[in-house]
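Here is the structure we will look at, set down as structure tokens.
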Ligand code: 6R9
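Residue numbers (my numbering): 2 to 649.
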């Protein structure tokens, strides 16, 4: 943790919110933040009740919160519908305003007004009903970043079906695992999607997955690339054909506030990815408010978040947060640097984007490609910049601020997780001075703390510890799908009554949080979470592999790269060809994002006497450190470490 920290701490400049921004910001006075924050902690029921009442409820709640750790219920007894709040609620004042502006990788584009989106969602909700989908049923969505992805999510929300979006970059077997775990009955996919000039064969992957996931009764296929694909009669249907005959009248279902909204799979330190479950009333209230204040959303904004809907950022801040606020959200299909590193800046100029939200790994890649690319664009529509997904190194922060924001756009460094549903720690753009590398202050209603292993708060400013959250917030995950025990063990057992984030952090004398990264066996590769165990079990499923241990290694662009130490079965010899084969095997089992960057063959792995792999040592070896620090007294065989260091 200390090495990571040193890199982060080099910058000590503080940047005030630019005056031109502050003048028209929703909040511009630190005293306003302090007063609202205090209210949100002193009387959370009054605070969140007030926010929720800005949305539509078919039936008012009886109690704002019922809390008995680890189970929270928000807006108890209330009935509402997120699709209604994101669409119908805006029709009177914003009917012809652009809701979704879509840019395809090949350069095609499409604009859906609130009226259009409301119609498409209503029709697709009727399509789902026609396929027998009922409230509470699970629908898996495996689509590229095209408007139909948002339509499908909102259509599920409209009828109370629970969506489970699976990132289009995941493999057939990862898709099959997620379909089976959720026991989904309908799959929505496309013939293909565009990525870096080639076609991702989504339907072929889906067919392969379905051979192993027979619970799916109907598949809806969006025609995107025109690929030749096979359609299984009776099971597979074209989206456009079903939509042609669907009625555009579908009243939003009045759902219980705690009705499940979605499941989203994410990696943990042990076992298979877990299905994080979010519910309706609290989630919509929290993402509505965070999108509004953190991005300072105003009527004339054009907002662009580059995340894929396959990740939580795509759920909360491509689709739900902006639409709940009646904003215009840009969806971009492909890679932001395809066909060249100027693409993202062109998209910003083309649509006049005013708020940009992206990941540090993308910023570092743009830095590496050179200033000439953004300098070719005007970028004058931008007024606010955001980052998410991993710690941002101050160098990248300052580049983003100067080269992209030209010193006139505040940068919000937003810390949150799949489990938290919405942004938890950030500066507010018109209010707080910015410190590069520090995420900033807790959002309204969030009470973080930094504790040592025994749960005692650390006593000094800038002292590192585990980041926990002391009380429930509206968009908190409610459970791990099908596994309440794992929900308890993972998040609530270490510090009873408190939510454990899995991150290390420190807080400075001004109350700014600095996130130091995961303290568990979760990697963060290009802002994507991956469990070391997932990659290890993919490797071990190859016939040549006896055992493997996977660790992260600091990487200047990706944040972390994946290094796999592998021991082979008797009679198998390591070779470059086998390294290539193992990398391809992992990509096939999980998806390209999990492909190891480096494979190292070894005779043995360093273990404790009780047989636990000592990853701490492997991390140091992977990083090329020669002087192995820390306690090695429990190591069973010191010679193993010497050999690994020597690269044998
Ligand atoms: C939203 C999202 C969550 C993990 C989280 C932390 C890391 C996210 C960060 C950050 C430092 C930030 N993380 N934002 N670290 N600064 N601004 O990314 O969700 O995919 O679940 O990842 O990402 O380690 O625990 P998710």
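Note that the Cβ used here is the ideal one computed from N, Cα and C, for glycine as well. These numbers come from a predicted model, not from an experiment.
If we count the other Cβ atoms within 10 Å of its Cβ and call it buried at 16 or more, is residue 68 buried or exposed? exposed
Spatial distance of residue 50 from residue 205 (CA atoms): 47 angstroms
Once you ignore the five residues that flank residue 353 on each side, which residues in its own chain have a CB closer than 7 angstroms to its CB? 303 and 382
Minimum length 4: unbroken alpha helix (DSSP H) runs contained in the segment 548-629: 577-590 and 616-623
Report back the beta-carbon spacing between residue 475 and residue 321 to the nearest angstrom; my notes put them in contact at under 8 angstroms. With a Cβ gap of about 13 angstroms, residue 475 and residue 321 do not count as contacting.
Own chain residues within Cβ distance below 8 angstroms of residue 224, not counting five before or after: 191, 192, 239, 240 and 241
Can the beta-carbon of residue 561 be found closer than 8 angstroms to that of residue 554? yes
Closer than 7 angstroms to the ligand 6R9: residues, by C-beta to nearest heavy atom, in chain order: 267, 312, 313, 314, 388, 389, 390, 391, 392, 393, 414, 415, 416, 417, 418, 419, 420, 440, 502, 503, 504, 516, 518, 519, 525, 528, 529 and 530
Work out the CA separation of residue 415 and residue 627 for me, nearest whole Å. 35 angstroms
Rounded to whole angstroms, what's the CA-CA distance from residue 408 to residue 397? Just pull it up for me. 14 angstroms
Let me know the secondary structure DSSP gives residue 72 once reduced to three states. strand
What number of angstroms, rounded off, separates the C-alpha of residue 103 from the C-alpha of residue 618? 47 angstroms
With 16 as the cutoff for other CB atoms within 10 Å, does residue 491 come out buried or exposed? buried
Over what stretch of residues does the alpha helix (DSSP H) that includes residue 636 continue unbroken? That residue, residue 636, is in no alpha helix (DSSP H); it is neither H nor E in DSSP.
Rounded to whole angstroms, what is the Cα-Cα separation between residue 601 and residue 506? 31 angstroms
Buried or exposed: residue 213, going by 16 or more other Cβ atoms within 10 Å of its Cβ? exposed
Within a Cβ cutoff of 8 angstroms, which residues of the same chain sit near residue 464, ignoring the five residues on either side of it in sequence? 451 and 507
Endpoints, the beta strand (DSSP E) within which residue 332 is located: 329-333
Just to check my reading of the structure: residue 248 and residue 124 have Cβ atoms closer than 8 angstroms, yes? What is that Cβ distance to the nearest angstrom? 7 angstroms
Okay, do the segment 561-574 and the segment 594-614 touch, 3+ Cβ pairs below 8 angstroms being the bar? yes
Just reading off the alpha helix (DSSP H) that residue 20 is part of, what are its end residues? 20-24
Can you give me the start and stop residues for the alpha helix (DSSP H) that residue 154 sits inside? 148-160
Inter-residue CB distance, residue 411 and residue 31 (contact presumed, cutoff 8 angstroms): At roughly 14 angstroms, the Cβ-Cβ gap does not stay under 8 angstroms, so residue 411 and residue 31 are not in contact.
Within a Cβ cutoff of 6 angstroms, which residues of the same chain sit near residue 482, ignoring the five residues on either side of it in sequence? 264, 276 and 278
Using beta-carbon positions only, say whether residue 189 and residue 155 come within less than 8 angstroms of one another. no
What did DSSP end up calling residue 245 once you bin it into helix, strand or coil? helix
Classify residue 542: buried if its beta carbon has 16 or more other beta carbons within 10 angstroms, exposed otherwise. exposed
Other residues of its chain near residue 641: CB distance less than 6 angstroms, five sequence neighbours each side excluded: 605 and 607
Should residue 243 be flagged as near chain D, meaning a C-beta pair shorter than 8 angstroms? Among the chains in the structure shown there is no chain D, since it carries only a single protein chain.
Going by alpha carbons, who is nearest to residue 116 out of 147, 84 and 129? 84
Could you spell out the range, first to last residue, of the alpha helix (DSSP H) harbouring residue 345? 344-352
Nearest-angstrom Cα separation, counted from residue 493 out to residue 357: 34 angstroms
Should residue 413 go down as buried or exposed, given a rule of 16 or more other Cβ atoms within 10 Å for buried? buried
Residue 664 and residue 448 closer than 8 angstroms at C-beta: Any answer about residue 664 is impossible in this case: the structure gives the chain only from 2 up to 649.
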